[in-house]
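Student: Please read through the structure below; I'll follow up with questions.
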Amino acid sequence: MIGALPIITADQRLAKPRGIKGCIFGKSGIGKTSLLWSLNATTTLFMDLEAGDLAIEGWQGDTIRPRTWMDCRDFAVFIGGPNPSLRDDQAYSPAHHAAVCQKFGDPAVLERYETLFVDSITVAGRLCFQWCKGQPEAFSEKTGKPDVRGAYGLHGREMIAWLTHLQHTRGKNIWFVGILDEKLDDFNRKVFSPQIDGAKTGLELPGIVDQVITMAEIAGADGQPARAFVCQTLNRFGFPAKDRSGRLDMIEVPHLGQLMAKIHGPVRPAAARLTYSAAVQDQPIEAAANPSHVN
Numbered sequence: 079m080i081g082a083l084p085i086i087t088a089d090q091r092l093a094k095p096r097g098i099k100g101c102i103f104g105k106s107g108i109g110k111t112s113l114l115w116s117l118n119a120t121t122t123l124f125m126d127l128e129a130g131d132l133a134i135e136g137w138q139g140d141t142i143r144p145r146t147w148m149d150c151r152d153f154a155v156f157i158g159g160p161n162p163s164l165r166d167d168q169a170y171s172p173a174h175h176a177a178v179c180q181k182f183g184d185p186a187v188l189e190r191y192e193t194l195f196v197d198s199i200t201v202a203g204r205l206c207f208q209w210c211k212g213q214p215e216a217f218s219e220k221t222g223k224p225d226v227r228g229a230y231g232l233h234g235r236e237m238i239a240w241l242t243h244l245q246h247t248r249g250k251n252i253w254f255v256g257i258l259d260e261k262l263d264d265f266n267r268k269v270f271s272p273q274i275d276g277a278k279t280g281l282e283l284p285g286i287v288d289q290v291i292t293m294a295e296i297a298g299a300d301g302q303p304a305r306a307f308v309c310q311t312l313n314r315f316g317f318p319a320k321d322r323s324g325r326l327d328m329i330e331v332p333h334l335g336q337l338m339a340k341i342h343g344p345v346r347p348a349a350a351r352l353t354y355s356a357a358v359q360d361q362p363i364e365a366a367a368n369p370s371h372v373n
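With the first letter of the sequence shown counted as 1, position 247 gets the number 325 in my numbering; the numbers rise by one all the way through.
Okay, here's the thing in structure tokens:
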């Protein structure tokens, strides 16, 4: 019997439940961990890497507390399942998944959870780097001395593999929170970047997740600062942000439960999602390609 080409039709694709994968960055103390209060405690699993759960004292949801990078990898393959393209000696492979299931039991225990809240990706990066510094790649083959470049190279690959595996957990919402650094560039301008060891993870993370949200203090109409979500790439603050759903406004109320409900809402028409600036549309092609020549 000749098999059929495994095409997924539009109806099949739209009928499958798909979780939201996103990250929320903000300065320390802005209230990122407290976003758990806005989620359904019975269907949310809290991955507490920071041991900083004082802000949610009394929250009734379940928690796991990985202490090492190996714990983080084990849980990622437990919740995300195996990657059949990997060799048995690689993390997230079928062999890794089988070993973890023997350790933790039946993965069906996770079916009750719809959302995984990881606090924080900043600490996950530190655990990963600490593990990487002890691996053979972190030492020079010639001298046997520590090789920082080798350690950072391994760190970048490990973090991207971990994030990508969790991103492929299609049926669940997965949110990473992390600290946002504010610095000045060579021209004394403010620039913002996620606080993660190594440059590779911070650069590639926006391309892995669906949503990048900055939680920040924004002045309201009365001039008083208030917490808000900045959700669109083109924002006047220069904050990192991205909305793959096309459903979010530039500024949203800092309520994660409401935000997810809006993302899961009705699809906006393509004409409403693909908007272009009239100023750019009216320019000649040459001018639009070379903005410095526009008066």
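Beta carbons are placed, not taken as given, at the ideal position from N, Cα and C, and that holds for glycine.
Since the model is a prediction, treat every value here as computed from it, not as a measurement.
Among Ile238, Arg314, Glu135, Arg235, whose alpha-carbon lies nearest the alpha-carbon of Val269?
Tutor: Arg314
Student: Three-state secondary structure (DSSP) at Ser198?
Tutor: Coil.
Student: Under the rule that 16 or more other beta-carbon atoms within 10 Å means buried, what is Ile98, buried or exposed?
Tutor: buried
Student: So Thr292 is in the beta strand (DSSP E); what residue range does that whole segment cover?
Tutor: 289 to 297
Student: Do the region 189 to 201 and the region 216 to 228 make contact, defined as three or more Cβ pairs closer than 8 angstroms?
Tutor: Touching, no.
Student: Taking Glu330 as the reference, which of Gly298, Val345, Ala348, Pro347 has the closest Cα?
Tutor: Here the closest residue by C-alpha is Gly298.
Student: By Cβ distance, which residues of its chain are closer than 6 angstroms to Thr120, with the 5 residues on each side in sequence left out?
Tutor: none
Student: Tell me the DSSP bridge mates of Asn251?
Tutor: Thr193
Student: Have a look at Cys206 and Thr146 and give me their C-alpha separation to the nearest angstrom.
Tutor: Just so you know, the alpha carbons of Cys206 and Thr146 end up roughly 8 angstroms apart.
Student: Once DSSP output is grouped into helix, strand and coil, what is the label at Gly97?
Tutor: coil
Student: Which term fits Ser323, buried or exposed, when burial requires 16 or more other beta carbons within 10 angstroms of its beta carbon?
Tutor: buried
Student: Would you kindly check if the distance between the Cβ of Ala173 and the Cβ of Arg151 is under 8 angstroms?
Tutor: no
Student: Which class does Met148 belong to by DSSP, given the choice of helix, strand or coil?
Tutor: helix
Student: With a floor of 3 residues, list each beta strand (DSSP E) that falls wholly inside the region 103 to 129, ordered by position along the chain.
Tutor: Secondary structure remark: continuous beta strand (DSSP E) runs of at least 3 residues inside the region 103 to 129, in chain order: 122 to 126.
Student: If distances are taken between C-alpha atoms only, which option among Lys261, Thr311, Pro332, Leu281 comes closest to Ile296?
Tutor: Pro332
Student: Might you give, ordered along the chain, the residues of its own chain that have their beta carbon closer than 6 angstroms to the beta carbon of Leu188, omitting 5 neighbours on each side?
Tutor: Ile157
Student: Going by the beta-carbon positions, is the gap between Gly139 and Leu114 smaller than 8 angstroms?
Tutor: Yes, they are a contact pair.
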